[in-house]
Amino acid sequence: MSLKPEFPETMLGNSKMIASKRLDQLWTRLERDPTMKALYSKFLNEYESLHHMEVKEDTDLDAGYYLPHHGILRPDNITTKLRVVFNASSKTSSGYPLNDLLYKGGVLQEDLFSILIRFRKHIYAFTAEIKQMFRMIELNESQTRLQKILWKNSKSSPTKVYELRTVIYGTASAPYLAMKVLQQLALDEEKNFPLVSKVLLQDFYMDDCLSGSSEFTEFETIQSELRQLLQRGGMTLHK
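Numbering (our numbering) for the sequence shown: 1 to 239.
Written out as structure tokens, the structure reads:
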């Protein structure tokens, strides 16, 4: 994540107090909804077990930026019934949120219209998406202090400070960082995967792939090699 030169990190005020208040409000809601409480705990426990977040126990716990968070229920989703959303637009005591300080970056992906036009021309076509793409992209350790959260496993438990170690939805720079990683992976592996490196550069709109071929053999090759290429970057392609 890059900060704007005119907005240094020192412009961030205290964010821990508002995050603590929001956590108390969240637990009031969770205590009234046992199902949501179980799903919320499961989501963040998985986050920790996958090392997407880790406990922080240093002496300067007020430094950095604390992200308030809340849950969005998705009962129709087969795999994830609840997703925790982190709010990088929450203002600190200085009036500035993290998102005001972050570079958004440029638009790197092809425009959706061009992708759809190419997709419609294929005789054999497929769609797929990268599983949890943002969470597969690790931040530099020097920047995780800007993605702190407060959490506890019950209303009466001690509150712990965590740092989120991966790119997250809700930060202004997330779309750019994700596409930059995909493009860099395509360039790094171009010699090993010349066919699907081009697919990675041209046929992805964020985590969604819309691609294909006029030849069935090439169509199968694209699907197979695209999975292999993304695995080189620690990512999984699924439908």
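For glycine and all other residues, C-beta sits at the position ideal for the given N, C-alpha and C.
| Check | Outcome |
| --- | --- |
| Identified DSSP bridge partners for phenylalanine 113 | According to DSSP, which records beta bridges pairwise, phenylalanine 113 is partnered with nothing at all. |
| Buried or exposed by the 16-neighbour rule on C-beta atoms within 10 Å, applied to serine 197 | buried |
| Rounded C-alpha distance that separates alanine 63 from isoleucine 72 | 28 Å |
| Beta-carbon spacing of glutamate 163, glutamine 147 below 8 Å | yes |
| Alpha-carbon spacing of asparagine 14 relative to aspartate 100, whole angstroms | 15 Å |
| As assigned by DSSP and simplified to three states, the class of lysine 121 | helix |
| Tyrosine 103 to phenylalanine 216 span [Cα, whole Å] | 42 Å |
| Isoleucine 149 versus phenylalanine 219 - alpha carbon distance | 44 Å |
| CA-to-CA distance, lysine 160 to methionine 11, given in whole angstroms | 25 Å |
| Between the CA atoms of leucine 177 and methionine 1 - distance to the nearest angstrom | 8 Å |
| Neighbourhood of threonine 144 by C-beta distance below 7 Å, restricted to the same chain and skipping five residues each side | Glu163, Leu164, Arg165 |
| Cβ pair valine 84, leucine 23 closer than 8 Å | no |
| Three-state secondary structure (DSSP) of aspartate 24 | helix |
| Cβ-Cβ distance between threonine 221 and leucine 195 below 8 Å | yes |
| Host alpha helix (DSSP H) of aspartate 100 (start-end) | 98-101 |
| Between the CA atoms of glutamate 31 and arginine 313 - distance to the nearest angstrom | Any question about residue 313 goes unanswered here, given that the chain covers just 1 to 239. |
| Distance CB(leucine 108)-CB(methionine 179) smaller than 8 Å | yes |
| DSSP beta-bridge partners of glycine 13 | Note: glycine 13 sits in no beta bridge, so no partner. |
| Euclidean distance between Cα positions of phenylalanine 113 and glycine 234 | 29 Å |
| Chain-order list of residues whose beta-carbon lies under 7 Å from that of alanine 186 (same chain, five-residue window excluded) | Ser197, Leu200, Leu201 |
| Residues of its chain near alanine 128, where Cβ-Cβ distance is below 7 Å and the 5 sequence neighbours each way are ignored | Cys209, Leu237, His238, Lys239 |
| Secondary structure of aspartate 208, DSSP reduced to three states | strand |
| For valine 85, the three-state DSSP class (helix, strand or coil) | strand |
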